[in-house]
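Protein chains in written order, with the working numbering: chain A, 131 to 330; chain B, -5 to 363.
For every residue, glycine included, the Cβ atom is placed at its ideal position computed from N, Cα and C.
From a predicted model like this one, the values you see are computed outputs, not experimental measurements.
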Amino acid sequence: MGERLQDDRKQRYQGGSSQHGRPGAARATELSQLFEQHNRTLVAFLANRMGNEAEAKEVAQEAYVRMLQLNEPGAVSFLRAYLFRTAANIALDRIRHRACSERFDVVYDSDDLTNQLGPDREVLARDELKMVRLALLELPASYRRAFLLSRFEEKSTEEIGRELGIKDTQTRLYLRRAVAYCRLRMDGLSEAEAKERVFP
Amino acid sequence: MNPNDMPGSAGDAQRLEAATEWMLRLRDDTASEQEIVRWVQWCEADPRNQQAFDRVRGFWQVSGALAQEVVNGDLVAATAGTRPAERSSAPQEAGRRPRARWSGYRRPLALAAANALVIFTLVAAASFLYVRRHSAGDDDLVAAASEAVHEAELSDGSKMELAAKSVVAVHYSEARRAIELREGEAYFTVAPNKERPFVVAAGNVRVRAVGTAFNVRQSGGRAVITVTKGKVDVYRIDPGVDDSATAGGSTRQQSHLIRVAAGEQVSWDEPGAQDPVVAAVDPAVALGWREGRLAYDNEPLGSVIADYNRYSRRQVVIDSDTVRNLRFSGTLLTGSTREWLRALPGEFPVQVRDHDGVDVIEPLPRQPS
């Protein structure tokens, strides 16, 4: 895999589009089927890493275009892994670039948000946030802290475990339950219902 | 539906927990290929799994807006009034501590990014602005989505519009604004700056502009440049020459330099190209792709099909040089590629055959005489 990744980078940074051949017909079809089949999963995968749906779609498209340009045969199972890996690389580059350029380090406040979203969407977003805050406050303190450390301090489960004085498996359980609980509350379950589901 | 599968059921809660485990695992760049594949299988094994994953992600995003309210690893609301002294005297972790309110501070980058992303996502949900517009960085790769015209604004104020499945790499430096059109077609509106030439590379062909607007199409080994405003210099560099350090290559490396003015189009067949062909065109026709109209005048069919393939999911292949060199004059509507293909045998001595889901254009078999 390492070698392929390097190839991928070479292609990207050295450019030279004149060398790109069009892939064979069979391969083009194979790729388009592969893409169609996994596109939704791929976008979810990327959005999870990038935190942005629109950008995830762009990266998925870019990965597809890049694979179309690579004239390499391969079994479908290999191509699938390769598609995700290619996309992950592009996403990583973008995230790094974002960090360097500080493009996202912009100052904004809640008024901007209000102006951009329009009244309906704004109310919806605010209600959702209110529910998330409430749900987190309903959780036992250690569950909430595990989640907040993971979400906002980007700590690993091991680090969180050390901070809270619990085992790694326990930390993971806390995180799973905290997220599931909040999501169920967002979906309209009452505190009692959600607790019954998540803390049997 | 099994009551245990209803959203909000105990089964659903388990699914959300599993999705959370995956979400956290996959956020990590070190997640192995096998893990990713196992997750793909999990998602695709049951649509409810995929939905659970998306729901968990949705929660994660929304929760990002709480960054301002997290102090010492807990929500301000959870600690308010209980331990104020402890809060204010707690040691500040370097660069990690969020502010307690919305404010004009420059916040730690990671948190700012997390928040900005949430907001961008919401904005994208509210309108399609963000999907269609994009700011390209100084060293960025921009790829257009499959159907929509994709607009990108560059850091110097220049703009580019990308056609379907087109890929452009941006390499900006202090001395020069270099753009590489790797695939497809793009229209550039260049912000004037004499000190920093704007150079678009399409294969070995270079287009250099100071302040102008022009369109570059690269397909089937052919580069076609149409100028709509001002003037550009078009030239070739020798294959294998790296001109990235100089402003578009030293004069020694450039050959066949020609100046192209507004209303003119120059086309260059890449392999063994001798002289470029210059013709007068209606720029509005050349830019028709932005409205879904690809207009051609005496264009090699191979190059038309290369465009076709960027707009169609179903791919077309030509396996004969004779067919590839047939000249096409007419319009291809990007919204009705199939119809266009079906009409092709009426205009040329060719037939279209389905070969494993790919359309192959072949010469008509010779009639027995």
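- S26(B) and F277(A) have their C-alpha atoms some 24 Å from each other.
- Contact between V193(B) and V184(B) does not hold, since their C-beta atoms are separated by about 10 Å, which reaches or exceeds 8 Å.
- E285(B) sits exposed, since fewer than 16 C-beta atoms from the chains shown fall within 10 Å of its C-beta.
- Ranked by Cα distance from A310(A), the options R274(A), H168(A) and E183(A) are led by R274(A).
- When rounded, the separation of the alpha-carbon atoms in L281(B) and D232(B) is 29 Å.
- In the three-state reduction of the DSSP assignment, G178(B) falls in the strand class.
- Here the region 57 to 71 of chain B does not lie against the region 183 to 193 of chain A, with fewer than 3 beta-carbon pairs under 8 Å apart.
- Of all residues in the region 12 to 34 of chain B, only A12, A13, T14, E15, W16, M17, L18, L20, R21, D22, D23, A25, E27, Q28, I30, V31, W33 and V34 come within less than 9 Å of chain A when Cβ atoms are compared, listed by chain position.
- With contacts defined as CB atoms closer than 8 Å, N303(B) and V310(B) qualify as a contacting pair.
- A straight-line Cα-Cα distance of about 44 Å links L222(A) and N292(B).
- Bridge pairing for Q309(B): absent [DSSP].
- For T222(B), the enclosing beta strand (DSSP E) starts and ends at R216 to K223.
- For F182(B), the closest of K188(B), G215(B), I219(B) and K159(B) by C-alpha to C-alpha distance is I219(B).
- In the three-state reduction of the DSSP assignment, F342(B) falls in the coil class.
- Sorting G324(B), S167(B), I173(B) and A169(B) by C-alpha distance to the C-alpha of M154(B) places I173(B) at the top.
- Within chain B, no residue has its beta carbon less than 7 Å from that of N169(A); the closest one is some 10 Å off.
- Annotation: R179(A) to A300(B) spans about 34 Å, alpha carbon to alpha carbon.
- The region 264 to 302 of chain A is shown to contain whole alpha helix (DSSP H) runs of 4 or more residues at 271 to 282 and 287 to 294, in chain order.
- Around the beta carbon of K159(B), 16 or more other beta carbons lie within 10 angstroms, which makes this residue buried.
- In this chain, T206(B) is not harboured by any beta strand (DSSP E), its DSSP state being neither H nor E.
- Separation of V162(B) and A180(B) (C-alpha to C-alpha, rounded to the nearest whole angstrom) is 8 Å.
- Three or more pairs of CB atoms, one per stretch, sit closer than 8 Å, so the region 28 to 42 of chain B contacts the region 157 to 176 of chain A.
- Interface with chain A (8 Å Cβ-Cβ cutoff): R51(B) is included.
- Cα atoms of W33(B) and G52(B): separation of roughly 18 Å, rounded to the nearest angstrom.
- Neighbours of L288(B) in chain A, taken as residues at a C-beta separation under 8 Å, are lacking, since the least C-beta distance is about 18 Å.
- In terms of beta-carbon proximity, S314(B) stays away from the interface with chain A, with every pair separated by 8 Å or more.
- Take the alpha-carbon of A271(A) and the one of K285(A): they are about 17 Å apart.
- Across the structure, R157(A) and V272(B) are spaced so that their CA atoms are roughly 36 Å apart.
- In this chain, the beta strand (DSSP E) harbouring T325(B) covers R321 to L327.
- Using a CB distance below 8 Å, the part of the region 53 to 72 of chain B facing chain A consists of F53, W54, Q55, V56, S57, G58, A59, L60, A61, E63, V64, G67, D68, L69, A71 and A72, ordered along the chain.
- Within the same chain, and ignoring the five residues on either side of T331(B) in sequence, the residues whose Cβ sits closer than 7 Å to its Cβ are Y302, Y305 and S306.
- Taking the CA atoms as reference points, P270(B) sits about 14 Å from V226(B).
- R313(A) is classed as buried because its beta carbon has at least 16 other beta carbons within 10 Å across all chains shown.
- Taking 8 Å as the CB threshold, E38(B) lines the interface with chain A.
- Counting along the chain, the unbroken alpha helix (DSSP H) around E11(B) starts and ends at A4 to R21.
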